[in-house]
Every structure is written in structure tokens, then in C-alpha cells.
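So the protein sequences, as listed, match chains U and Y.
The working numbering puts the first residue of the first sequence at 1, with every later residue one more than the last.
The working numbering puts the first residue of the second sequence at 1001, with every later residue one more than the last.
There are 2 protein chains.
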Amino acid sequence: MTTNQIKRYSLSQQVADQLESRIADGVYAVGEKIPTETELAEMFDVSRNTLREVIQCLTSVGILEVRQGNGTYVRATNRFHVYMKKEYEKVSLENILEVRNALEITIAQLAAKCRTEEDLTAIRQALFQRQQNLSPIRENTQADVNFHMAIAQACHNGILLNLYLSISSYLEDHISKRQKATTMEPLQIDQLHEELYQSIVQQNDHQALLCVQNILKI
Amino acid sequence: MTTNQIKRYSLSQQVADQLESRIADGVYAVGEKIPTETELAEMFDVSRNTLREVIQCLTSVGILEVRQGNGTYVRATNRFHVYMKKEYEKVSLENILEVRNALEITIAQLAAKCRTEEDLTAIRQALFQRQQNLSPIRENTQADVNFHMAIAQACHNGILLNLYLSISSYLEDHISKRQKATTMEPLQIDQLHEELYQSIVQQNDHQALLCVQNILKI
DNA sequence: ATCCATTTGTGCGTATGTATC
DNA sequence: CGATACATACGCACAAATGGA
């Protein structure tokens, strides 16, 4: 193989793209060890030197992590999340929450406008799942994330979805802590989510805005 | 010689950071050719092999571009813009405009809340500059960009500022085209900007929201 | 059209440090 | 502790592309 090159990209660049795609596709999951340099060099039919350049690049981007004498591990699925994380680390938590609030509001309004029937089904399922986990609050976070993620999908905007994904995973701990510390009744919180769902069903984007603002006050 | 390394980062990684910073600081501008590998290797006191790893990495993230037998050129000032540009290219123009609108609105509201006296001075100057260029519409875009950028600075949120920078530079052509095609009177548009400035002065974030929405309708 | 200096691309060899068993 | 394997950095030599004389 390997001779379909337009030569515009270097060999290591091509191999790097392939390996990066495999990681993005989940062939090698986050935290897992990838094959040794020698094995990978054979797999891609390149010299070990070339493959070392590949690993060097993916390491510098933050996708891979090399542990000397041990092996190479996957640290992240793609560059966007890595880089957004770096950006988040540079600013205050308050700043990040400002961005998150803006995202939530924008996403809810767009979801109300653009949602399809399939989107509604997904959101409804997540809402049910959320309601069933009401009593044991500990596992509520995952259901909550699923609900908001389903809405983010429904806004049909890849940029907003990616930004929301990156900021959610970054704020994971903060969100779950905050949720456990709230004084609001679980039933009351559920009511707010139900209202948000209904306003998306009715394609009432103004109502969706108000609902999200209430949820953000939790 | 050069043994002040904490060894947590490899030599090539450290040099890569330094070179990346220089590019971000504008020492080597976009489109310019950087010194040869041999020269850079001497400058940073590393071998050419090590320096080649550096260039390889910066190339892989899209900051540099190598032309064999010619030299190495600067393609972008920093990673964030490179990544965001890639993301923008993956989605529709409508999606990008949705993100931009959300940014404008969020930024204006936050600017109204957080602006300092220094911020106001900067915004006012940009507004004056904008008003003086009213008659010759052709050079209005730059003044317009400066005005909005001054507001983005005033929101004191690095993430929002970076996002706004990346999306503005990406939409540069689109914005200027749209501005020339508008049917609205220059004086009327100026009035809208004046109102936005006043609402930021008065720290009236709700009023700022309304003003931006009107400006976005242009 | 040809040659030549410059510059990047590739491969090999070596020395030293470092993690793991 | 020593042995082994791998990481890191360096130096050299030659190939290939580019652009100008």
C-alpha cells in the first residue's frame, strides 16, 4: 500500500492523520495503551524513526502520552477538546461559567427552533431516565448530562455541540458538586426540566430561554 | 550547557513552546519565512534533528508550512485559530452565524456589566473613529471591527474574546460584503452603535442586548 | 538548458540517561 | 545491584527539491 501519496503531505504526516483518526474513531480508547513503536511501524509500513515523529506530534498536541520504559497511552480523543481544555485552564471559573451559561441559552433557543421529531424522542427518553433516577440523587448527574446533551444535539450546530461537550467534560466535577449542594427540591428541579422539554416541543424559543435561565439558577 | 531542564518536558517540546510563543508574539509574521533549520538549531542551541522535531510538530498543528528546498513559512499565529478554523470549515455558514450572534449578545451583556473606565475610553475612541469614516463606506469595516473588538475586550473573558477573534477573522469577507449590501442608512447604523455604547456606559445589560440584536439585523 | 548553492528530507550510528524487572 | 530495553539528543552523510546564475 502506502503509495497513494500526493506527496503534498509528508509520510509521517499521513501516518499521524491515520493514527489520529483511529483514536478519534475509538479504536484505541482513552487511557488505553497503544501498540509498541515497532509494532505500529510494521502496521503502517514505515521506519521506526518516522513512527517516532508521528508519536512525537500526537504527544505535543496532547492526544498521546509516552511513559518511558512502559508504553504509549491515549490521553484524549481529539485536538479540539485538548485545546479547549488548555483555554479553560487559562481563565477563571467565573469566566468558564459565563461561557457555559451563554451556550446553554443559545442551544436551548436553537433546539426549540430546529428540533426534529427524532430529537424530541431522544430528549423525552433522557427526561424519563432522569425522572426514574430522582430518588437516588447520586446517579442523577449522568441522566442530567444525557438530557442536556440530547438538547445540544437537537440544535443541529456542530460548533455549539463541540463547545458544549468540551465545557461539560471540563466542568463535570463542578456540576455534580453543585447539584448535590442545592437546596432545591428534586421534584421542583424535575418540573423545570419538564417545562424546558415542553417549550422545545412547542417550538417556543422564548419560553425555552426562560426555562434554561431558571435551571441555571440551581 | 543548557541543563536547566526540569526534564518533565523534552527538549524539543521546550523549543517548540519557545518558537510557538515567538510566532504568537509576531516575531515571525504570517506568510513570512522563518530562519533555516541550521540557523534555528544554532539559535536554540540544539541539534538539527531536535529542531526538525520542533518544526514537524508546529507543522502538524498548522502553524508552520515546510517547502522542501525553499524554506519554512508561518501559516497561523496560534493553535486556537487553526483549530477553530477547521471546525468552522466543517459546518454551514448558517451555523457559524448562529455562533457569532450568540457571542455578540453574550459579549455585549457582559461588557455592560464588567466594563472599566479604561474599557469605556477604548470603546469611545473606536466609536469616534467609526463616525469619522462614515462617508467613505469602504474603509468602514476596519473601524467597525475595532469597535466590536473593544467591546469584546471589555467583557473580560479570555475564552469569549478568543472565540470572537477566531470567528471574526474567519467571517471577515462575509461581514464586509454584507455591510456594503445593506439598505440601511449609514447614519441610522451609527445611531445603533451609539446606543450600544451608551447602554454599556450605563451598565444596562438588558438595553445592550436589545441594541446588539438590532445591529445584528443589519 | 545546465549547473550550483541553498534548504529540507531521510537514514544510520553513537552516547547518555532512565525506567523496569 | 545489575541487566535490559527504551528514550533522548547529537552528529554525519547523502538524497531530493528549489531557485537563481
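C-beta atoms are modelled at their ideal positions from N, C-alpha and C, and glycine is treated no differently.
Isoleucine 175/U CB to nearest chain Y CB: under 7 angstroms? As a working note, residue 175/U is residue 175 in the first sequence. For isoleucine 175/U, the answer is no, since every Cβ of chain Y falls outside 7 angstroms of its Cβ.
Counting Cβ pairs, one atom from each stretch, are 3 or more of them under 8 angstroms apart for the region 1177-1190 of chain Y and the region 1110-1124 of chain Y? Result no; under three Cβ-Cβ pairs closer than 8 angstroms.
From Tyr1197/Y, Thr1077/Y and Ala1076/Y, pick the residue whose C-alpha is nearest to that of arginine 1130/Y; which is it? Here residue 1130/Y refers to the residue found at position 130 of the second sequence. Comparing Cα-Cα distances from arginine 1130/Y to each of Tyr1197/Y, Thr1077/Y and Ala1076/Y, the minimum goes to Tyr1197/Y.
Against chain Y, with Cβ distances strictly below 7 angstroms, would valine 99/U count as a contact? Walking along the first sequence from the start, residue 99/U turns up at place 99. Valine 99/U counts as touching chain Y.
Simplified DSSP assignment, three categories, for threonine 1002/Y: As a working note, residue 1002/Y is residue 2 in the second sequence. Its pLDDT being 30, under 50, threonine 1002/Y is placed unreliably in this model, and the value from its coordinates should be taken loosely. Coil at threonine 1002/Y, not helix or strand.
Using 8 angstroms as the threshold, is the region 1150-1159 of chain Y in touch with the region 1169-1179 of chain Y, meaning 3 or more CB pairs across them? No: fewer than three Cβ pairs fall under 8 angstroms.
Determine, using beta carbons only, whether tyrosine 1083/Y and tyrosine 1170/Y come nearer to each other than 7 angstroms. What you label residue 1083/Y is simply residue 83 of the second sequence in a count that begins at 1. What you label residue 1170/Y is simply residue 170 of the second sequence in a count that begins at 1. Contact: no.
For a cutoff of 7 angstroms on Cβ pairs, would you count valine 82/U as touching chain Y? By one-based count along the first sequence, residue 82/U stands at place 82. No, valine 82/U lies away from the interface with chain Y (no Cβ there is under 7 angstroms from its Cβ).
Buried or exposed for alanine 1152/Y, please, with buried defined as at least 16 other CB atoms from any protein chain shown within 10 angstroms of its CB. Locating residue 1152/Y in the second sequence gives position 152, counting from the first residue. By the 10 Å Cβ count, alanine 1152/Y comes out buried.
State the DSSP-derived secondary structure class of valine 1074/Y, mapped to helix, strand or coil. To locate residue 1074/Y, count along the second sequence from 1; it is residue 74. Three-state DSSP puts valine 1074/Y in a strand.
Return helix, strand or coil for alanine 152/U, following the three-state DSSP convention. Within the first sequence, numbered from 1, the residue matching residue 152/U stands at position 152. It is helical.
State yes or no: is the beta carbon of asparagine 214/U nearer than 7 angstroms to at least one beta carbon in chain Y? Mapped onto the first sequence, residue 214/U falls at position 214. Not closer than 7 angstroms to any Cβ of chain Y, the Cβ of asparagine 214/U fails to qualify, so no.
By Cβ distance, which residues of its chain are closer than 7 angstroms to valine 201/U, with the 5 residues on each side in sequence left out? Counting from one through the first sequence, the residue named residue 201/U turns up at place 201. Excluding positions up to five away in sequence, the list reads Leu120.
If you draw a straight line from the alpha carbon of isoleucine 1105/Y to that of leucine 103/U, how long is it in whole angstroms? By 1-based counting over the second sequence, the position of residue 1105/Y is 105. By 1-based counting over the first sequence, the position of residue 103/U is 103. Going by the C-alpha atoms only, they are around 11 angstroms apart.
Does the structure place the region 52-68 of chain U close enough to the region 1024-1042 of chain Y that three or more beta carbon pairs sit under 8 angstroms? no
If we ignore side chains and look at the alpha-carbon of each, how far apart do leucine 1161/Y and methionine 43/U end up? Taking the second sequence and counting its residues from 1, one reaches residue 1161/Y at position 161. Taking the first sequence and counting its residues from 1, one reaches residue 43/U at position 43. Using only the alpha carbons, I get a separation of about 43 angstroms.
Beta carbon proximity, arginine 22/U to chain Y, threshold 7 angstroms: The residue labelled residue 22/U in the question sits at position 22 within the first sequence. False, the Cβ-Cβ gap to chain Y never drops below 7 angstroms.
Flag asparagine 78/U as yes if its beta-carbon sits less than 7 angstroms from any beta-carbon of chain Y, otherwise no. What you label residue 78/U is simply residue 78 of the first sequence in a count that begins at 1. It does not; no Cβ of chain Y falls within 7 angstroms.
As assigned by DSSP and simplified to three states, the class of isoleucine 105/U: Mapped onto the first sequence, residue 105/U falls at position 105. Reduced to three states, the DSSP call for isoleucine 105/U is helix.
CA-to-CA distance, alanine 1076/Y to asparagine 1049/Y, given in whole angstroms: The count along the second sequence starts at 1 and reaches residue 1049/Y at position 49. The count along the second sequence starts at 1 and reaches residue 1076/Y at position 76. Their backbone Cα atoms lie some 24 angstroms apart in a straight line.
Presumed contact (8 angstroms Cβ cut-off) between serine 199/U and glutamine 207/U, rounded CB distance: Taking the first residue of the first sequence as 1, we reach residue 199/U at position 199. Taking the first residue of the first sequence as 1, we reach residue 207/U at position 207. Between glutamine 207/U and serine 199/U the Cβ distance is about 4 angstroms, and since that is below 8 angstroms, they are a contact.
Between the Cα of alanine 150/U and those of Arg124/U, Ser168/U and Gln213/U, spot the shortest distance and give me the residue it belongs to. Your numbering for residue 150/U matches position 150 in the first sequence. Residue Arg124/U is the option with its Cα nearest to alanine 150/U.
Neighbourhood of asparagine 219/U by C-beta distance below 7 angstroms, restricted to the same chain and skipping five residues each side: An answer regarding residue 219/U cannot be provided, because it is not within the stretch 1 to 218 covered by chain U.
Is there a Cβ of chain U sitting closer than 7 angstroms to that of alanine 1111/Y, yes or no? Counting from one through the second sequence, the residue named residue 1111/Y turns up at place 111. So, not an interface residue.
Buried or exposed (CB count within 10 angstroms, at least 16 for buried), threonine 1116/Y: Within the second sequence, numbered from 1, the residue matching residue 1116/Y stands at position 116. Exposed, because fewer than 16 other Cβ atoms sit within 10 Å of the Cβ of threonine 1116/Y.
Would you mind working out which of Tyr1009/Y, Ala1016/Y, Gln1179/Y and Asn1070/Y sits nearest serine 1060/Y, comparing C-alpha positions? Here residue 1060/Y refers to the residue found at position 60 of the second sequence. Comparing Cα-Cα distances from serine 1060/Y to each of Tyr1009/Y, Ala1016/Y, Gln1179/Y and Asn1070/Y, the minimum goes to Ala1016/Y.
Report the option in Gln203/U, Ser92/U and Ala108/U whose CA atom is closest to the CA atom of glutamate 1098/Y. Numbered from 1 along the second sequence, position 98 holds the residue referred to as residue 1098/Y. For glutamate 1098/Y, the nearest C-alpha among the options comes from Ala108/U.
DSSP beta-bridge partners for glutamate 1065/Y? Locating residue 1065/Y in the second sequence gives position 65, where the first residue counts as 1. DSSP, once it has assigned bridges, lists Tyr1073/Y as partnering glutamate 1065/Y.
At least one CB of chain U closer than 7 angstroms to the CB of glycine 1062/Y: is that the case? Working through the second sequence from its first residue, we reach residue 1062/Y at position 62. So no, glycine 1062/Y is outside the interface.
For lysine 7/U, would you say it is in contact with chain Y, using Cβ-to-Cβ distances shorter than 7 angstroms as the test? Residue 7/U sits at position 7 when you count from the first residue of the first sequence. Low confidence applies here, because lysine 7/U scores a pLDDT of 43, under 50, leaving its location unreliable; read the following figure in that light. Lysine 7/U does not count as touching chain Y.
Name the chain U residues whose beta carbon is nearer than 7 angstroms to that of threonine 1183/Y? Within the second sequence, numbered from 1, the residue matching residue 1183/Y stands at position 183. Those do not exist, as threonine 1183/Y stays about 26 angstroms from chain U at its closest Cβ, beyond 7 angstroms.
Compare the C-beta of valine 1201/Y with all C-beta atoms of chain U and state if any pair is closer than 7 angstroms. In the second sequence, the residue the question calls residue 1201/Y occupies position 201. No, because no Cβ of chain U sits closer than 7 angstroms to the Cβ of valine 1201/Y.
I'd like to know if isoleucine 1055/Y contacts chain U, where contact means its C-beta is closer than 7 angstroms to some C-beta of that chain. The count along the second sequence starts at 1 and reaches residue 1055/Y at position 55. No, because no Cβ of chain U sits closer than 7 angstroms to the Cβ of isoleucine 1055/Y.
Listed by chain order, chain U residues near lysine 1217/Y by CB distance under 8 angstroms: Counted from its first residue, the second sequence places residue 1217/Y at position 217. Under the 8 angstroms cutoff, chain U gives no residues; its nearest Cβ is about 16 angstroms from lysine 1217/Y.
Considering Cα atoms alone, identify which of Gln1018/Y, Gly1069/Y and Tyr1028/Y is closest to aspartate 1045/Y. Stepping through the second sequence from its first residue, residue 1045/Y is reached at position 45. Answer by Cα proximity: Gln1018/Y.
Taking the beta carbon of arginine 22/U as the centre, do at least 16 other beta carbons fall within 10 Å, making it buried, or is it exposed? Residue 22/U sits at position 22 when you count from the first residue of the first sequence. By the 10 Å Cβ count, arginine 22/U comes out exposed.
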